[in-house]
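Contents: one structure, followed by commentary.
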Amino acid sequence: MKRTKIAGLVIVICLLLLGLAPNLWTAEYKDFTLSQALKLKPKYDDPHPYLKDIHPQKFLAPEVYKQLTYDVEAMKKAWAETVGFKAPDVVGKKSPEIKPGVYNYKDKDKYPGLKELMIPEMYQRFAPGARPHAGNFPEIKIIPTRQYYYALPVAEATKKNEGKTKQDNKGYIVPSSYTAGCPFPRPSGTFKAQQIMYNWEKRYYHYESALFVAYSLGFNKSLNEDIHAGGPMHIARLQGRLTMEPFGWFDKRAETAGEMRALSMGPYEIPQDNFGNAYTSINYEDPNKADLQLIYIQALRRIRKMSATDSQDAVAGQDIIYDDSDAFNQKLSPTRYPYKYEVAEREMLMPAITSEGSRYISSKGLELRNFELERRPVYVITLTQLDKNYVYGKRTIYMDRELFLIYHVDNYDQKGRLYRVTEVYNGYVPEMGVFMPAGFLARDYIDLHSAYMYQFDIPTPSLTREQLLIDRLARVK
């Protein structure tokens with residue numbers, strides 16, 4: 003027995019000396035599938051707070067979970083010092099008669115301040131469910147404004163690197179100048195709008211290594227379900243990693259190529275005609291370097307590289323294009339579909355960020371239920387397209403000033419008509435300071451179609467480069 007213990011101890015010591023000791027971050031994690039997602043949050047009429055069922059503590063080893071959590075008060079203090087304010091301190095001045103509480107669509111005439119505080123498209127949806135779109139809501143609950151914050155390492159890196167990220171004479175980021183954290187925590191000056199958009203581009207959103215399972219429901223103008231699509235994807239932050247190992251760059255390839263973020267989607271499990279299809283993308287930090295997007299088409303058993311124009315194609319089973327992923331995923335480029343950038347600051351009612359996930363779609367009228375709103379300080383960013391060949395002539399983005407997270411995007415076609423609308427319902431884990439999508443509404447006002455997506459974000463510290471490659475996803479026999 004003693005010899006066995008001594009031999010085991012010697013092996014551990016040797017592994018430590020050789021740098022081969024088991025890595026806490028590469029430990030196995032519990033898998034999560036589309037079928038599990040469908041059971042946790044059925045398509046309709048289910049107020050179950052499903053985010054509690056996918057709390058990271060249920061998927062991570064206790065030691066890993068402990069390393070990913072921080073003192074909440076310390077995070078609040080650090081982030082308020084970083085951005086210069088707390089959200090509750092800067093709202094309440096506009097339409098002060100609108101207090102926290104429950105409001106019905108019949109109250110709209112009684113409380114005109116509701117219109118002043120809401121996005122016009124959202125105010126229009128404050129009504130009972132009706133054709134031709136899903137996503138109306140007859141009732142809202144306004145909750146008190148909360149202070150939000152990021153993980154302590156994000157705040158610390160942001161403060162450490164403040165002022166180091168540079169822009170060129172047109173406002174585009176100088177790639178080598180960014181290291182980690184939020185690049186422009188207090189946007190200002192001539193290129194303020196671009197700084198805000200770069201805060202989104204460099205966002206700490208999702209876990210730094212994540213398994214993301216989602217399913218969407220599509221509806222025609224008669225409100226009949228005509229699409230049910232879903233499947234898994236893996237997402238990795240490749241640059242400026244602060245909470246999960248490997249810290250800094252994900253690997254040598256990411257550092258050499260200047261890769262920011264990678265996503266691998268699929269293989270699709272539903273619908274049947276998309277079964278086996280897959281998609282991967284890599285976002286590069288250089289504004290002049292086109293992002294890499296690959297798609298595998300199961301029927302052809304071929305991998306195809308997508309062009310810059312292909313990112314304007316509709317995503318299978320959804321009322322968005324690839325550039326609409328996460329509400330806005332378009333390359334900020336001085337040469338490839340460039341924009342004129344403008345920004346304003348407003349106080350508005352926005353979908354409340356949730357740690358529970360009890361919001362749902364009703365089978366009758368396809369209404370949003372358990373819909374909570376919150377007064378938030380908001381940036382309204384207007385992107386006017388300078389190239390007439392792009393699908394959208396203008397994009398209006400509503401982004402949180404405290405977090406630099408997008409709530410809502412109105413996309414207009416080249417004729418100035420409202421075309422596609424995307425609205426994100428964000429979730430968060432308070433003790434981690436991590437935010438992720440937890441619901442997504444899309445409306446097409448020209449083709450009269452709509453979709454709602456349920457989303458499940460799972461931390462996966464053991465994620466490898468291989469899991470991000472299209473070759474692994476392609477089921478080529």
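In case it helps, this note's numbering puts the sequence shown at residues 3 to 479.
A virtual CB, placed ideally from N, CA and C, is assigned to each residue, including glycine.
Model, not experiment: these values are computed from the prediction.
Residues bridged to residue i (per DSSP)
| i | result |
| --- | --- |
| E344 | T384 |
| Y150 | Bridge partners of Y150: none, in fact. |
| V307 | Rather than Val, the amino acid found at residue 307 in this sequence is Lys. K307 is bridged to L296. |
| H236 | L213, S266 |
| F221 | E227, S452 |
| Q169 | I175 |
| R243 | G250 |
| M352 | E376 |
| I408 | M401 |
Check: residue i C-beta below 7 angstroms from any heavy atom of the ligand NAP
| i | result |
| --- | --- |
| D446 | As for the ligand NAP, it is missing from this structure, which has no ligand bound. |
Secondary structure of residue i, DSSP reduced to three states
| i | result |
| --- | --- |
| P379 | strand |
| R127 | helix |
| V93 | coil |
| A39 | helix |
| A216 | strand |
| Q274 | helix |
| D48 | coil |
| P58 | helix |
| Y67 | helix |
| N391 | coil |
| V74 | helix |
| P114 | coil |
| K333 | coil |
| R422 | strand |
| A23 | Only weak support exists for where A23 lies, its pLDDT of 40 falling under 50; the value from the coordinates is given anyway. DSSP places A23 in coil when its eight states are reduced to three. |
| T181 | coil |
| E369 | coil |
| A316 | strand |
| P155 | helix |
Residue burial classification, residue i (beta-carbon count within 10 angstroms, cutoff 16)
| i | result |
| --- | --- |
| G103 | exposed |
| T147 | buried |
| E468 | exposed |
| T192 | exposed |
| N290 | exposed |
| A76 | exposed |
| V411 | buried |
| V85 | buried |
| A301 | exposed |
| E388 | Correcting the residue identity first, residue 388 is Leu in this sequence and not Glu. That one is exposed. |
| P44 | exposed |
| E344 | exposed |
| R419 | exposed |
| G220 | buried |
| T282 | buried |
| G165 | exposed |
| R303 | exposed |
| D459 | buried |
Residues of its chain near residue i, where Cβ-Cβ distance is below 6 angstroms and the 5 sequence neighbours each way are ignored
| i | result |
| --- | --- |
| K172 | P336 |
| P49 | S360, Y362, N372 |
| D326 | T424 |
| C184 | T160, N201 |
| T398 | T384, D412 |
| S365 | Y46, D47 |
| D446 | D321, R422 |
| L443 | G137, E425, Y454 |
| E141 | N106 |
Beta-carbon contacts of residue i that lie in its chain and below 7 angstroms, excluding the five residues immediately before and after
| i | result |
| --- | --- |
| D55 | L42 |
| Q59 | Y67 |
| R474 | E468 |
| P24 | Reliability of the predicted coordinates at P24 is poor, the pLDDT of 45 falling under 50, and the value obtained from them is presented with this limitation in mind. No residues qualify anywhere along the chain. |
| K342 | T386, L388 |
| D253 | R467 |
| L470 | H236, A238, A264, S266, T282 |
| I305 | L296, Y298, I472, A476 |
Nonlocal neighbours in the same chain, by C-beta distance under 8 angstroms from residue i, ignoring five residues either side
| i | result |
| --- | --- |
| V380 | E347, R348, E349, M350, M352, Y400, M401, D402, R403, Y409 |
| K4 | Low local confidence applies: a pLDDT of 44 at K4 is under 50, so the model's placement there is unreliable, and no value is given. |
| E287 | I175, P177, Y180, Q241, G260, E261, M262 |
| A82 | K88, Q149, Y151 |
**OP:** Inspect the CB distances between the segment 433–449 and the segment 200–209 and report whether three or more fall short of 8 angstroms.
**Re:** Between the segment 433–449 and the segment 200–209, the count of Cβ pairs shorter than 8 angstroms is three or higher; the stretches touch.
Original post:
Are the segment 283–298 and the segment 260–269 in contact at 8 angstroms, needing three or more beta carbon pairs?
Top reply: Touching, per the Cβ criterion.
Original post:
Just checking, does the segment 347–362 make contact with the segment 424–434 on the three C-beta pairs under 8 angstroms criterion?
Top reply: Result yes; three or more Cβ-Cβ pairs closer than 8 angstroms.
Original post:
Quick one: any contact between the segment 135–154 and the segment 371–390, if contact means 3 or more CB pairs under 8 angstroms?
Top reply: When C-beta atoms of the segment 135–154 are compared with those of the segment 371–390, three or more pairs fall below 8 angstroms, so the two segments count as touching.
Original post:
Are three or more beta carbon pairs between the segment 135–142 and the segment 446–456 nearer than 8 angstroms?
Top reply: Enough Cβ pairs lie closer than 8 angstroms, so yes.
**OP:** Inspect the CB distances between the segment 69–83 and the segment 153–165 and report whether three or more fall short of 8 angstroms.
**Re:** Yes: at least three Cβ pairs fall under 8 angstroms.
Original post:
When the Cβ atoms of the segment 211–221 are set against those of the segment 236–244, are three or more pairs found closer than 8 angstroms?
Top reply: Flag = yes, the segment 211–221 and the segment 236–244 touch.
Original post:
Is there contact here, the segment 113–127 with the segment 95–102, by at least three beta-carbon pairs under 8 angstroms?
Top reply: Note that the segment 113–127 touches the segment 95–102; at least 3 beta-carbon pairs, one per stretch, sit closer than 8 angstroms.
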